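Chemist:
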Amino acid sequence: MYLLIDCNNFFASCEQIFNPALRNIPVVVLSNNDGCVIARSKEAKELGIPMGAPAFQYKNLFLTKNVAVFSSNFTLYADMSQRIMDILASLGFDFEIYSIDEAFLYVPCSNDYLKLANTIRNQIKQWTGITVSVGIAPTKTLAKAANKLAKNATGVFLIDKPQNNHPQLAKFPLEDVWGIGKKTAEKLHQFGLYFVPDLLAKPDHWIKKHLKVTGLRTILELRGKSCLELKEDTPQKSIIRSRSFGTEITTLKNLEEAIASFAASIGKKLRTHRLKTSNLCIFITSNRFKKSPYFSDSVHIHLPEASSDTSYLINQSKIILHKIFQENISYKRAGVMAYELSSETALQKDLFHLSNTMTTQKEHLSKVVDQINHRFGSNTMYFAAEGIKKTWQGKPLSRSKQYTTSWNDIPRIILKNS
DNA sequence: TCTGGGGTCCTAGGACCC
DNA sequence: TCTGGGGTCCTAGGACCC
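Okay, so the first sequence: first residue is 0 according to numbering that gives the first Met the number 0, each after it adds one.
#1: Pick out whichever of Ile206, Val27, Ala67, Phe194 has its Cα sitting closest to the Cα of Pro172.
#2: Would you decide whether Ser260 is buried or exposed? Buried here means 16 or more other CB atoms lie within 10 Å of its CB.
#3: State the DSSP-derived secondary structure class of His272, mapped to helix, strand or coil.
#4: Do Arg398 and Leu72 come within 7 Å of each other at the CB atom, strictly closer than that value?
#5: According to the Cβ coordinates, are Ile239 and Met336 closer than 7 Å?
#6: State the CB to CB distance for the pair Trp391 and Gly245, rounded to an integer number of angstroms; the pair is presumed to be in contact (CB under 8 Å).
#7: Unbroken alpha helix (DSSP H) runs of length 4 or more, entirely within the stretch 181–227: which are they?
#8: Following the continuous beta strand (DSSP E) through Leu2, name the residue where it begins and the one where it ends.
#9: Would you mind sorting Glu362 into buried or exposed? The rule is 16 or more other CB atoms within 10 Å of its CB.
#10: Leaving out five residues on either side along the sequence, give the residues of the same chain with a beta carbon under 8 Å from the beta carbon of Ser243.
#11: Determine the closest residue to Asn314 out of Ala263, Thr359, Asn327, with distance taken between C-alpha atoms.
#12: Helix, strand or coil for Met50 per DSSP?
#13: Is the stretch 94–106 touching the stretch 174–184 in the sense that three or more CB pairs, one from each, lie closer than 8 Å?
#14: Is the stretch 58–77 in contact with the stretch 11–24, if contact means three or more CB pairs nearer than 8 Å?
#15: Checking 7 Å against the spacing of the C-beta atoms, do Val26 and Ala43 come in under that value?
#16: Looking only at its chain, what residues have a beta carbon closer than 6 Å to the beta carbon of Gly134, apart from the 5 residues adjacent to it on each side?
#17: Between which two residues does the alpha helix (DSSP H) carrying Phe17 extend?
#18: Are Ser329 and Glu247 touching if we call contact CB-CB under 7 Å?
#19: Considering only residues of the stretch 351–414, which uninterrupted alpha helix (DSSP H) runs meet the minimum length of 4 residues and lie entirely inside it, listed in chain order?
#20: In this structure, what does DSSP give as the bridge partners for Tyr330?
#21: Nearest to Asn59 by CA position, among Met50, Leu46, Lys366, is which residue?
#22: For Asn146, which three-state DSSP category applies?
#23: If you draw a straight line from the alpha carbon of Lys275 to that of Lys268, how long is it in whole angstroms?
#24: Check Glu304 in the structure and name its three-state DSSP category.
#25: Run through the stretch 82–145 for me and flag every whole beta strand (DSSP E) of 3 or more residues, listed as ranges in chain order.
#26: For the candidate residues Val36, Ser132, Asn253, Pro19, whose alpha-carbon lies nearest to that of Ile387?
#27: Tell whether a beta-carbon distance below 7 Å holds between Asn8 and Ser132.
#28: Within a Cβ cutoff of 7 Å, which residues of the same chain sit near Asp369, ignoring the five residues on either side of it in sequence?
#29: In the DSSP assignment, the alpha helix (DSSP H) including Ser310 goes from what residue to what residue?
#30: Would you call Asp203 buried or exposed, if buried means 16 or more other Cβ atoms sit within 10 Å of its Cβ?
#31: Sort out for me which residues DSSP pairs Leu229 with in a bridge.
#32: With H, G and I counted as helix, E and B as strand and the rest as coil, what does DSSP make of Ile238?
#33: Measure the C-alpha to C-alpha separation of Lys322 and His299 and round it to an integer number of angstroms.
#34: Alpha carbon to alpha carbon, how far is Leu279 from Ile371?
#35: Contact check, Tyr105 vs Leu229 under 8 Å by CB: the rounded distance?
#36: In terms of residues, what are the limits of the beta strand (DSSP E) holding Leu29?
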């Protein structure tokens, strides 16, 4: 059986744990530039604040309903996530970290799955303060559905045999099925299909024709035939760094600095994972919400030799940027993507590319910069090309402290003499 | 004034081959 | 009238996920 463990309202819960005054009141966490709502506490959901809602449209509601609004604090969330994943890993079952707040466990046999799930729940709650829901089922897709049902029940839900036709599954909307998104759901609605049993009644060839192989896989999984196994710890295939700018950019110089920052960040991640990239893509866009004509362009290049050296990646990124930059445009968003990642130890050298001691020295330099930043704090050293002011970076309005990763921010308990 | 960021997988269609 | 058949590889774009 598969167990899907999913943290409830994860980012909002992280905020509530370290600030007791936030418990039982609506809390939302916003995306970069405090743009959209990306997490809501139970109380915030009850107020009808949707996921992804633009914050400015809900400003009044936040005020009148005393909603606690936070800028995102990924350092905190990532650390809390790690603690939870460590607990799951310690159980000794095969498991797959699916996202920052979710993991699948594969438990081949157990006398009492519900008891096991409750033990896991209690332990995570006690050790981290986070409440999780557990869905248990013979396939991953059913475990996702069970998890959804668990959230509305006691926190644990078991679908042992799909053919038992749980009454909850009979009214399970197709758009809530893992793998069926907005577009597919709309398509199915046109055929008069709304709930899981409606789709299960269709023959395989109908599914294959309209939903392709991915759709067929989903249906088989819903019928209890496992098609999706736990994913091995496969190496990453691409790395993306992109941002919407707090202040729109109009000059090439500022855009170069932003792109250089993204390239530097990619370089660091590549080195951390002992990878190199041999394909870069740069993209720049104007504001898609504005009435003025939308501008968007991107270019890929194949690097003559794979690299993880920041100075090289910055240089190459700049060269590509120059190919697509146009004057008199207000740029709202840009990004750098790295593809064709390969292990730094198993690399194909380019016969005609000048790979010399200079290259080796530069790579060494990047690693030294990493070590310095690791020891003295990130951004202690960075490339001048990234710019000093980073004017494009918006300032988060209300970010919580780094309670678990910074000595200065560790919560203090004050004992009062009674 | 104000609308996120980071990923994966699949398919259709073009280019190319014999 | 009429213009093969079978295959691979690559890429852009769509759909999905959190």
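For every residue, glycine included, the Cβ atom is placed at its ideal position computed from N, Cα and C.
It should be emphasised that the depicted structure is a prediction, and the values quoted were computed from it without experimental measurement.
Modeler: So, from the data block:
#1: Translated into the one-based positions of the first sequence, residue 172 becomes position 173. Selected option, being the one with the closest Cα: Phe194.
#2: Working through the first sequence from its first residue, we reach residue 260 at position 261. Classification for Ser260: buried.
#3: Residue 272 sits at position 273 when you count from the first residue of the first sequence. The answer is coil: DSSP assigns His272 none of H, G, I, E or B.
#4: By 1-based counting over the first sequence, the position of residue 72 is 73. By 1-based counting over the first sequence, the position of residue 398 is 399. Correcting the residue identity first, residue 72 is Asn in this sequence and not Leu. Contact flag set, yes.
#5: Translated into positions along the first sequence, residue 239 becomes position 240. Translated into positions along the first sequence, residue 336 becomes position 337. In contact: Ile239 and Met336 (Cβ atoms closer than 7 Å).
#6: As a position in the first sequence, residue 391 is number 392, starting the count at 1. As a position in the first sequence, residue 245 is number 246, starting the count at 1. Their Cβ separation, rounded to whole angstroms, is 6 Å, which keeps Trp391 and Gly245 in contact under 8 Å.
#7: 181–189, 195–199, 203–221
#8: Along the first sequence, one-based indexing puts residue 2 at 3. Run containing Leu2: 1–6, per the beta strand (DSSP E) assignment.
#9: In the first sequence, counting from the first residue as 1, residue 362 sits at position 363. So Glu362 counts as buried.
#10: Residue mapping note: residue 243 aligns to position 244 of the first sequence, counting from 1. Closer than 8 Å at the Cβ level, and outside the excluded window around Ser243, lie Asn31, Asn32, Gly34, Lys331, Arg332.
#11: Locating residue 314 in the first sequence gives position 315, where the first residue counts as 1. The option with the nearest alpha carbon to Asn314 is Ala263.
#12: Numbered from its first residue, the first sequence carries residue 50 at position 51. Coil at Met50, not helix or strand.
#13: no
#14: yes
#15: For the purposes of this step, residue 26 is identified with residue 27 of the first sequence, where counting begins at 1. For the purposes of this step, residue 43 is identified with residue 44 of the first sequence, where counting begins at 1. Their beta carbons are under 7 Å apart, which means Val26 touches Ala43 by this criterion.
#16: Position 135 of the first sequence, counted from the start, is the residue given in the question as residue 134. The answer, listed in chain order, is Leu3, Ala142, Ala145, Asn146, Ala149, Phe156.
#17: Along the first sequence, one-based indexing puts residue 17 at 18. Looking at the DSSP string, the run of the alpha helix (DSSP H) that includes Phe17 is 9–17.
#18: Stepping through the first sequence from its first residue, residue 329 is reached at position 330. Stepping through the first sequence from its first residue, residue 247 is reached at position 248. For Ser329 and Glu247, yes; Cβs fall inside 7 Å.
#19: 356–375
#20: The residue labelled residue 330 in the question sits at position 331 within the first sequence. Its beta-bridge partners are Ile248, Ser285.
#21: Residue numbering aside, residue 59 sits at position 60 when the first sequence is read from its first letter. The candidate whose alpha carbon is nearest that of Asn59 is Leu46.
#22: For the purposes of this step, residue 146 is identified with residue 147 of the first sequence, where counting begins at 1. Asn146 falls in the helix class under three-state DSSP.
#23: Position 276 of the first sequence, counted from the first residue, corresponds to residue 275. Position 269 of the first sequence, counted from the first residue, corresponds to residue 268. Answer to the nearest angstrom: the Cα atoms are 10 Å apart.
#24: Indexing the first sequence from 1 puts residue 304 at position 305. Strand.
#25: 93–98, 101–105, 131–136
#26: For the purposes of this step, residue 387 is identified with residue 388 of the first sequence, where counting begins at 1. When each option's Cα is compared against that of Ile387, the closest is Asn253.
#27: Position 9 of the first sequence, counting from 1, holds the residue named residue 8. Position 133 of the first sequence, counting from 1, holds the residue named residue 132. No, the Cβ-Cβ distance between Asn8 and Ser132 is not below 7 Å.
#28: Looking up residue 369 in the first sequence gives position 370. Answer for Asp369: Lys267, Arg270, listed in chain order.
#29: Here residue 310 refers to the residue found at position 311 when the first sequence is read from its first residue. Looking at the DSSP string, the run of the alpha helix (DSSP H) that includes Ser310 is 309–323.
#30: Counting from one through the first sequence, the residue named residue 203 turns up at place 204. So Asp203 ends up on the exposed side.
#31: On the first sequence, residue 229 is found 230 positions in, with the first residue counted as 1. Answer is none; Leu229 lacks a bridge partner.
#32: Counting from 1 along the first sequence, the entry for residue 238 is found at position 239. Reduced to three states, the DSSP call for Ile238 is strand.
#33: As a position in the first sequence, residue 322 is number 323, starting the count at 1. As a position in the first sequence, residue 299 is number 300, starting the count at 1. Cα to Cα, the separation comes out at about 11 Å.
#34: Numbered from its first residue, the first sequence carries residue 279 at position 280. Numbered from its first residue, the first sequence carries residue 371 at position 372. Taking the straight line from one Cα to the other gives about 27 Å.
#35: In the first sequence, counting from the first residue as 1, residue 105 sits at position 106. In the first sequence, counting from the first residue as 1, residue 229 sits at position 230. Contact holds; Cβ gap of about 5 Å.
#36: Numbered from its first residue, the first sequence carries residue 29 at position 30. Where Leu29 is concerned, the enclosing beta strand (DSSP E) stretches over 26–29.
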